[in-house]
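First residue of the sequence shown: 61, per our numbering; consecutive thereafter. We treat Cβ as the ideally placed atom computed from N, Cα and C, and that holds for glycine. First up is the structure itself, then whatever we jot down about it.
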Amino acid sequence: MFFDPSRTDQDVEGGTVACWQPPRAAAARYRAADDFLSLPSVSEQVPSSATMKWKVSGEMSARILAHFRYGPLRAADVHEPSDELNAFAQAFFAWVERQKGEFSRLTVRPMLLDANAVDTALEHVCLDKDFEAASPLYLGFCLPDENLFEMAAHVDALRSAHPLLLRTVLKAIDMASYRTVMIRSPQWFLGEFAAWFWDGDPEASDEDALEELKERFGAGDSDIAAYLPSTARPLLCPDDAMTVSWRDRKWRERATLSPTQIRALRPRLRGKARKVCTELLALNSLMRKSRTNDLLRGEPSIMPLFSAVSFVLSGDQTYVGQILDGTIESAYQGGDHCEFTAFSPLSMKAADIRRQYADWSLAFQIMTHLDRLLSLVTS
């Protein structure tokens, strides 16, 4: 509360009461206020934000220089870099874009990471031994999420084109996946379902599976019929979609179309079936160039939480959601999950660098044609 120090019986002078004037300056709202309760005016030339950077290590600088010198990177792809690491990233991802096409099915995303970022990404992964960086810089292949597609609308067209074309397509997808990124195919879903309900045998008969199902659900449970092989297998992966079979305690490959047979078949087909044959031939040609089954050159070997894509044959997803949810939940609870499918350390020697880029280029080309094939046979 404020008090007027003037006397209550003060005389009136000239018809106007003399008002008290404070000895201090006027309040802030009546003047410019540069005080502890307000901010002073700042020139527009002063930056409003700042970025903290750490100096690139000598080892990383030498490795970047080696990749520009011995690899396929182009200096013309670099524009106003902030440092040598930014220059390398610009040139590297410009090279990546020249190697691959746009993906409509695969979710794989290449990323450059330093050794500390790789160590952080692997903190929830159970490794045989602690991670030891082989390079200060890595190329990571990230799988941030997983999309599910169906083949139901395309299966009849493949079967009518040739009895073995469906199985040939599925085998080509599996072989391309082994060399690049993980894909959950119909046979993968069948294998997981068999592991849960049929004692791990995807070719089990109803009689073989019945005892285990009774132990799991109870002898009088009406749900048992839905999990019998005769019911579930045609929906997950029917016989003409199985690329391998278990005989004499060994996995044996089933008959598929050879490249020569595909070339002979293609001129007799039209539309989408002909395009499928074209992509199959392209994939087979690229995979024959592969010198290794691990083109991404991952180190250490890890199992990603998500796959690059999942696809199923039947539109009936009674079992698919259950299998996917159970697999991902189990990985989370087990503390063994990572969003990356591979970490490839950048090499230092000239010969290793050239081979590394050759393998990466082949991997991106395979993934491009794999994505095109999946686009033709899934929706």
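Between the segment 254-268 and the segment 297-315, the count of C-beta pairs closer than 8 Å reaches three or more; the two stretches touch.
Check the Cα spacing between ALA217 and each of SER350, ARG330, GLN377: the tightest is with ARG330. In the three-state scheme derived from DSSP, where H, G and I count as helix and E and B as strand, ILE362 is classed as coil. As the crow flies, the alpha-carbon of ASP412 is around 46 Å from that of PHE257. Residue pairing by DSSP puts PRO405 in a beta bridge opposite TYR198. Look at ASP283 here: in three-state DSSP terms it is helix.
A check of alpha carbon separations from LEU166 across LEU436, MET427, VAL437, THR438 identifies MET427 as the nearest. Restricting attention to PRO170, LEU341, ASP268, ARG123, the CA atom closest to the CA of PRO204 is found in PRO170. By the criterion of a C-beta distance shorter than 7 Å, ARG357 is surrounded in its chain by SER404, GLN416, ASP419, once the five residues flanking it on both sides are discounted. Assignment of TRP306 by DSSP, reduced to helix, strand and coil, places it in the strand class. Below 8 Å, enough C-beta pairs join the segment 219-229 and the segment 309-317 to call them touching: three or more.
Note that the C-beta distance between ALA232 and LEU434 is not below 8 Å.
DSSP, read as helix, strand or coil, puts SER374 in coil. Sequence-distant partners of TRP155 (beyond 5 residues in either direction) whose C-beta falls short of 7 Å from its own C-beta, in its chain, are PRO132, LEU133. When the Cα atoms are used, THR378 and ALA286 turn out to be separated by approximately 9 Å. For ASP174, the pairing in a beta bridge is given by DSSP as LEU197.
Taking 8 Å as the cut-off, the beta carbon of SER117 is found no closer than this to the beta carbon of GLU144. Residues of the same chain with a CB within less than 7 Å of the CB of ASP266, apart from the 5 flanking positions on each side, are LEU288, PRO289, SER290 in chain order. In the three-state reduction of the DSSP assignment, ARG239 falls in the helix class, which pools H, G and I.
Between LEU197 and the set CYS186, LYS189, ASP190, ASP179, the nearest pair of CA atoms involves ASP179. Burial state of PRO141 is exposed, judged by a 10 Å Cβ sphere holding fewer than 16 other Cβ atoms. The Cβ-Cβ distance between VAL372 and LEU436 does not fall below 8 Å. Here the segment 343-354 makes contact with the segment 233-250; the two share three or more CB pairs at distances below 8 Å. Close CB contacts of SER367 within its chain, under the 6 Å cut and outside five residues either way in sequence, are with GLU206, MET242, ILE243, ARG244 (chain order).
For LEU208, the enclosing beta strand (DSSP E) has its first and last residue at 208-210. In the structure shown, the three-state DSSP call for PHE257 is helix. Between ALA301 and LEU230, the CB-CB gap stays under 8 Å.
Nearest to ALA194 by C-alpha distance, out of CYS186, LEU208, ASN176, is ASN176.
Straight across, the Cα-Cα distance linking VAL102 with ALA110 is about 16 Å. The beta carbons of PHE153 and ILE124 sit no closer together than 8 Å. Shown here for GLY251: same chain residues with a beta carbon closer than 7 Å to its own, the five before and five after excluded, namely PRO262 in chain order. The three-state secondary structure of ARG244, taken from DSSP, is strand. With contacts defined as CB atoms closer than 8 Å, PHE209 and VAL369 qualify as a contacting pair. When C-alpha distances from LEU430 are compared across PHE163, PHE128, GLN150, the shortest belongs to PHE163. A Cβ-Cβ distance of about 6 Å is found for the pair VAL185 and ILE362, placing them in contact under the 8 Å criterion. The three-state secondary structure of ARG169, taken from DSSP, is strand.
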